[in-house]
Amino acid sequence: MMASFPLLSAVLLAPIAAAVLLCFISPKAVQSVRVISAAAMTVALALTLFAFFSYDLSVGGMQFTEDVPWIHDLGVHYSLGVDGISLPMLLLTELIGLASVFASWRIEKRPKEFYILLLILIAGVTGTFIARDLFIFLLCYEVVVIPIYIMVIIWGSTKRVTKEYSAMKLTIYLLMGSAFMLVGVVALYLQAFPPELRTFDMDTLAMAAQMGNFSEEFQIFAFFLLLLGFGSLLSMFPFHSWSPDGYAGAPTAVSMIHAGVLKKIGGDGLIRLGLLVLPLGAKFWAPLIAGLAIINVMYAAYIALAQKDLKYVIGYSSVSHMGYVLLGFAALNVVSISGAVANMVAHGVMSALFFAMIGNVYEKTHMRSVTELRGLAHQMPRASVGFMLAGMASLGLPGLIGFIPEFTIFVGSFSVYPVFAVIAISGIIFTALYTLRMLAKVLFGPRDSYFDKYTDARGVEMMPLVILGIALVGFGVFPQLLMGVVGTGVEPLLPLLDSIKDAPTVLGGIG
Amino acid sequence: MFQQFALEHAWLIPLLPAISFVIIGMLIRSYGKASAALAVLMSLISFCLAVGVATGVVDYGITVEAPFVQKVSWLHVGSLELAMGVLVDPLTAMMLIVVTTVSLLVQIYSVGYMKGDPGYGRFFAYLSLFAASMLGLVLAVNFLQMYVFWELVGLCSYLLIGFYYYKVSAREAAKKAFITTRVGDFGLLLGILLLQINFGTLDFLELGQIIPMYIASAGTGMLTFIALLIFIGPIGKSGQFPLHVWLPDAMEGPTPVSALIHAATMVVAGVYLVGRAYFLFSQLPTVMSVIAWLGAFTAFFAASIAFTQHAIKRILAYSTVSQLGYMMLALGVGSLTASFFHLMTHAFFKALLFLCAGAVMHAMHDEADIFKMRGLRHKMPVTFVCMTIGVLAIAGIPPFAGFFSKDAILAAAAEVSMPLYIMATLTAFMTAFYMSRLLFVTFFGMPADERTYSHAHETGWFMRLPLIVLAGLAVISGLWGHEFGFGEWVRFGMPVEEGIDPVIAISSTVLSIIAIMAAWHIYVTKPYLSDTMAEKTGVLYKLSFNKFYIDEIYACLIKYVVDGTAKVLYWFDVNIVDGIINMLAAIVGGISRRLGKLENGQAQSYAAVFICGVIVLAAYGFFYSQRILAVLGGAL
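Same order as they appear, the protein sequences are chains A and B. Here the first sequence is numbered in our numbering, starting from 1 and rising by one per residue. Here the second sequence is numbered in our numbering, starting from 1001 and rising by one per residue.
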C-alpha cells in the first residue's frame, strides 16, 4: 500500500506547498510564518526518516520510485527515486532544512519573504537528490541559484567582503558549474542513443555506457566538463574561493544549506553521473582529482589556521574536508567511495551545526571574530556544547559522525594513492590545530563581563543543536546505520569499478 | 556463579560509567550530590564486576593463549569489517582491576576535593566518561576499537585538563595535550591502516596468528616500518621523548584528574598498547631496541628535569614521564611481565602521591611551590605517612611495591644490555633523590609562610580514605604480585619465574638509601646547600630547570613554520587564486562594457556588424566545411 503513496513527491512538495501558503499570509503574522515553515519541514523530515528506515537494504537499488512521462518529444520523465547514495543525501537535506528553519527563527527583516525563499531553496536541493531524470535534476539545480542570490543580497552580512560581492561570487560559480554541467549533460543526451530513443533517464544513460555507446575519447571529454561543473560546486581547488567568501556573506540558513547540502550535489553528481555514465572518463581523470584533493586538504587547512573570522575558518575547513571526499572518489573502489558519500553526510551535519552556532552568537553579539569573542562558555554554555560537538566531529573524533567516513576513505585510498593518503591523513593534525585554537579562543578563558548581557541559546534556538547533535552522535556511535545504506548504493558499482581497473589515466597517457 | 556472570557481561564494565556520563550530562548535572553519588555507584559496580572478571580468569584458567572473547559487528562496508567487543585475558584482568580501583578511589576522593566547585556535576560526568573510555580501551578486541577509545580518553584528558576553563593556562595546556598526542595518533592511525590493508584484519588474535607466519615467509622489513609507526602513538600518549611536553602542563587539571588520568591510567595506555600488540613488537628486534633505548632515555631525561622543579605536581609529572620510560624500557628488553608489574604498582603509588599532593595543596590554599610549604608533618600526619609510603615505594625500598617491580625491570635490562641497565640504575638513584627532596622540603623544616601554615589542616574523610587504601596497596601490591606469581599470568610466551637477583636488588636498594640520605643532608640538615649547588652547576641547572628548552623549540616551530606557511598560503589564496578570478571577472566586465557600446540603437551599425558576420561565417564554412561535417558527425 505504501508503494502507491508518492513519498518522494510529498517530501519535495511539502516545502513548496508551504511556500505557496505563505504567499497568502499577512507579513505581520510572523509566528504563523515560522510555524508553517517548521511544520512543512517537520513533515518532510518525518517522511524522509520513514524512507530511510524502511529502505530495504537486502534489495538495494532505486526505491520509492515514481515515474510520470512529462515532455514526450525530449524524452523527459518526472522520475524520482532514491538509492543508497541519494537517500543519505536526502536525509541530510531534510535534517539541515528543518534545522535551518529553526536557526532563522529570529530573522526580523521581512521574515515572510525569507521563509518563502528558504523553502524554495530546500525544495530545489531536495529535487536534485531525488531526481532520476537529468532534466529534472538540472531544473531543480537552477531553482536553487535564484533564492540564494536574493537571500545573500538582502539578509547577508558584510565583513571582509561585501555581501554583494559574496552573492555575486556564489551565483557566478553556481552558474558556471551549471553551464559546464549543461554542456556535459546535453552531450551525453545526444551521444547516448539515436534520436528516437533519446532520454534523460540516468539509469538508461548508464546502460548506454555499458553498451559502449560512449567512446573513450568522448568519455574523457565529457567527464572533464562534468568535473569542472561538479568540482567547482564541491569547492575543488582552484575553484574553491567562492566557498569561504560566500559563506561569510550569506545569512545563517543559507550558509547551513550551502555548506551542508548544496555542495554535496557536486559529489553526488560526480558519482551518479560522472562515474556511472562515464566510467572511463572518471578513471582517466582520477589521478588529477586525487592530486587536487590533497591540495584541498592541506592548503585549506593551513589557510584556516590564518583566519580570524569564524565563518572563514569553517569555510576553509569545509574546503579541506571536501578534499577527503574527492580523495575517496578518486581512489575508485567500493570502500573509498562509500567513505566519500558518508563523509559528505558527516561534513554536512557538522558544518551546518557550526554555522547554526556561529549564527546564534552573531545574532546576539554581532561578532564572529576570534579576536572579539572570548570565554563564551561562561555566558553561553549550551551554544558552547554545540561548538564543541561540531569541532570534535570536524577533527574526526571517534564516536562522532566524522570518524568512520574518514577512516573508510583512508582505508580505501591508501592502497591506490599511498603518498597522497599519508599527506591526507597528516591533515588530522592540522584540523585539530585550527579547530582547537578557535574553540579555545572563543569558548574558554577568563569571563568577559561584556558578554554578560547576552543570553544562552534556549527554546527554539536549541532546535538546530538538538536535531544536528542527535545525527552527529547517533551516526557516530552506530555508524552502520549510515554505512549500511551507503553500502547498498556503492557495492553494486563493484563490477563497473573492476572493469575500469586497468583503463588508461591522465598519468598513463591515452591508449 | 558471579564470576560467570561478570565474564559474560564484561561489556557492562565500560557501559555503566558511560550511562552515568549520559545521565549526569543530560539530566542531573546541576545536582552535584546526585551526580557524584551516581558516578561513584556506577564505578563501584564496575569495580565489583572487574573483580569478578579477574577472579574468574584465575578460577577458569583463562590464559593469554586462551582468552575469552565476545564480538559484535560495528561496521562493514565492502571488504572492510570492523568489530567491537571484549577480550578478557590476564592482561585485561589486571588492567581492569587497576583502572576500576584507582577510578573508584579517585572519585571518592573528588567528592571531598571538588566540594564547592561550580562545575561539580560536570566534573563527575567527565570522570565517568573517562572511566568508560579507558575500560573500553582495556577490553579492546582489535586495533580499531583501541584507537576509538584511545581518542576518547584523549578527549576526556582534554576536557579535564581544561576543567578550569576560565584559566588561560589550563585552556592552553588542554590544547597542547590534545595536539601533541594527535601527532602521535597520526603515526598510530597510519600503522593501523597499513595493518588493515596488508592483512585485512585488525583483530588482535587473528593478527597474532598471521604475523609470525608472515615473518617466516616475507621477513620483517615492512612490519618494522608498521610497528615503528604504531609506536609513535604510545610515544605521544605515554609521554615519551620528544612528545612528553604535554604531560607536565597537564597538571593544570584538578589534582584527582592528574592522579587518575595523568599518572595511573590513561598515560599507561601506550604501554598497554605495546603489550597488547606484543605479538608484533616482540618479533622485531630493531623496534624492540628503539623502544628500549627511547624508554631508558626518557626515564633518565625526565628524572634530570624533576631534580630542579619547584611545583609539587610538576615534579610528580616528570616522575611519571620517567616511570613510563621505565615501563617502555622493560617492554623493549622483552619483559612484558616486568613492565606490566611496574605499571600496576606505579598506578597505586603514583596515584597515592598525587592524591597526597592534592591534600597538601588543598590545605595550603592551592599553593604549588614546595619551598613555600615546609614543615607540614605536624599539621597533616596522615598525609605525611601516606606520602612517605609513596616515596619509599617509588624509591624502591623493600618491602614496598616499587622495589619488586623496579627490580624486575633492572634484572630484565641487565640480561639484555649493560648500558641500559646502568642508565636504569642511575635513574633509580635520581628518582630516590628527587622524590625524597619533595617529601623533605614539604613536610620538614621551618614553615615558610606562617599564615598559610597555621591554616593548614588535615583533610576530611572522603579524601583520607582513598589515601589510606592506596597506601595499603603501595605497601602490599609488590609483595603480593611477587608471591601470587604475577608472571605466570601476565606474560607473553613462557611463564616468568619471579626471582630476585640479590646483586641487583641489594645494589639498587643501597643506592636508593644513599640518595635519600643525600637529600636529607641537602634539604633538611643543611638547607642552604641546595642553593650553592644550583649555583655551582650553573648551565646544567638552568637547562634542567628550563626543561632543556624543548617547549620553546616547539613553540618556535609552530609560530614560524606552521603559522608562517599559513600566512603565506592565505596571501596566495587571496591575491593569486582569487586575484586571477577577480581579474577575469574584471576583463569580462570590461569587454561587456565595450560591447555594450555597440548596442547604440543605430540600425546602420547593426546592419554593418550583421553583414560582416555573414561574410566571416560564409568564408569559414567554405574553407572548413569538410571538417565541420566530420566533427558534427562524430558528435551526433
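Backbone N, C-alpha and C fix where the C-beta goes; we use that ideal spot for every residue, glycine too. Note that this is a predicted model, so its numbers are computed, not measured.
- Around the CB of glutamate 108 of chain A, fewer than 16 other CB atoms lie within 10 Å, so the residue is classed as exposed.
- Straight across, the Cα-Cα distance linking leucine 139 of chain A with glycine 1564 of chain B is about 45 Å.
- Here glycine 184 of chain A is buried, its C-beta having at least 16 other C-beta atoms within 10 Å.
- For proline 1254 of chain B, the three-state secondary structure derived from DSSP is coil.
- With a threshold of 16 other beta carbon atoms within 10 Å, aspartate 452 of chain A falls short and is exposed.
- Judged by their CB atoms, phenylalanine 223 of chain A and glycine 267 of chain A are not nearer to each other than the 9 Å cut-off.
- The alpha helix (DSSP H) runs lying completely inside the segment 1465 to 1496 of chain B and spanning 4 residues or more are 1486 to 1489, given in chain order.
- Going by C-alpha positions, glutamate 491 of chain A is about 20 Å away from alanine 1083 of chain B.
- Between the segment 1069 to 1081 of chain B and the segment 312 to 326 of chain A there are fewer than three inter-stretch CB-CB distances shorter than 8 Å, so the stretches are not counted as touching.
- At a C-beta separation below 9 Å, isoleucine 1226 of chain B has no neighbours in chain A, since its nearest C-beta there lies roughly 12 Å away.
- Spanning the alpha carbons of aspartate 1059 of chain B and methionine 1423 of chain B requires a straight line of approximately 40 Å.
- Secondary structure in the segment 11 to 71 of chain A: the beta strand (DSSP E) runs of 3 residues or longer, each lying completely within the stretch, are 63 to 71 in chain order.
- In its chain, beyond the 5 residues on either side, Phe1349, Ile1389, Leu1392, Ala1393, Ala1474, Val1475 and Gly1478 have a beta carbon closer than 8 Å to the beta carbon of phenylalanine 1400 of chain B.
- Using a CB distance below 8 Å, the part of the segment 1050 to 1081 of chain B facing chain A consists of Ser1073, Trp1074, Leu1075, His1076, Val1077, Gly1078, Ser1079 and Leu1080, ordered along the chain.
- The contact set of glutamate 1599 of chain B on chain A, defined by CB atoms closer than 8 Å, is empty, because the minimum CB distance reaches about 22 Å.
- Here valine 1287 of chain B is not near threonine 1201 of chain B, since their CB atoms are 9 Å or more apart.
- Taking 9 Å as the threshold, the shortest C-beta distance from tyrosine 302 of chain A to chain B falls below it.
- Per the DSSP secondary-structure output, valine 1069 of chain B pairs in a beta bridge with B:Leu1087.
- Beta bridge pairing from DSSP links tyrosine 78 of chain A with A:Val68.
- Bridge pairing for aspartate 309 of chain A: A:Ser369 [DSSP].
- Listed in chain order, the positions of the segment 1547 to 1569 of chain B with a beta carbon within less than 9 Å of a beta carbon of chain A are Ile1558, Val1562, Asp1563, Thr1565, Ala1566, Lys1567, Val1568 and Leu1569.
- Annotated three-state conformation of glutamate 1599 of chain B is coil, per DSSP.
- Taking 9 Å as the threshold, the shortest C-beta distance from glutamine 31 of chain A to chain B does not fall below it.
- Beta bridge pairing from DSSP links leucine 1075 of chain B with B:Leu1082.
- Around glycine 402 of chain A, the same chain offers Ala346, Met350, Ala393, Ser394 and Gly396 as residues with beta carbons nearer than 7 Å, after the five sequence neighbours per side are excluded.
- Ranked by Cα distance from alanine 40 of chain A, the options A:Ile172, A:Val313 and A:Ile120 are led by A:Ile120.
- In the DSSP annotation of this structure, the continuous segment of the alpha helix (DSSP H) that includes lysine 264 of chain A starts and ends at 263 to 269.
- For a cut-off of 8 Å, the C-beta gap from arginine 1029 of chain B to glycine 1121 of chain B is around 4 Å, short enough to register as a contact.
- Sequence-ordered contacts of the segment 1171 to 1197 of chain B with chain A read Arg1171, Glu1172, Ala1174, Lys1175, Phe1178, Ile1179, Arg1182, Val1183, Asp1185, Phe1186, Leu1189, Leu1190, Leu1193, Leu1194, Gln1196 and Ile1197 [C-beta pairs closer than 8 Å].
- The three-state secondary structure of alanine 424 of chain A, taken from DSSP, is helix.
- Residue nearest to isoleucine 1261 of chain B within the set B:Ala1368, B:Thr1308, B:Phe1384 and B:Leu1105 is B:Leu1105 (criterion: CA-CA distance).
- Contact between valine 1271 of chain B and serine 1322 of chain B fails: their C-beta atoms lie close to 13 Å from each other, not under 8 Å.
- Note: asparagine 1142 of chain B is bridge-paired with B:Asp1203 in the DSSP secondary-structure output.
- For lysine 1033 of chain B, the uninterrupted alpha helix (DSSP H) segment begins and ends at 1032 to 1059.
- Approximately 24 Å separates the beta-carbon atoms of leucine 1420 of chain B and alanine 1263 of chain B; this is outside 8 Å, ruling out the contact.
- Contact between the segment 147 to 160 of chain A and the segment 289 to 300 of chain A is not established, with fewer than three Cβ pairs separated by less than 8 Å.
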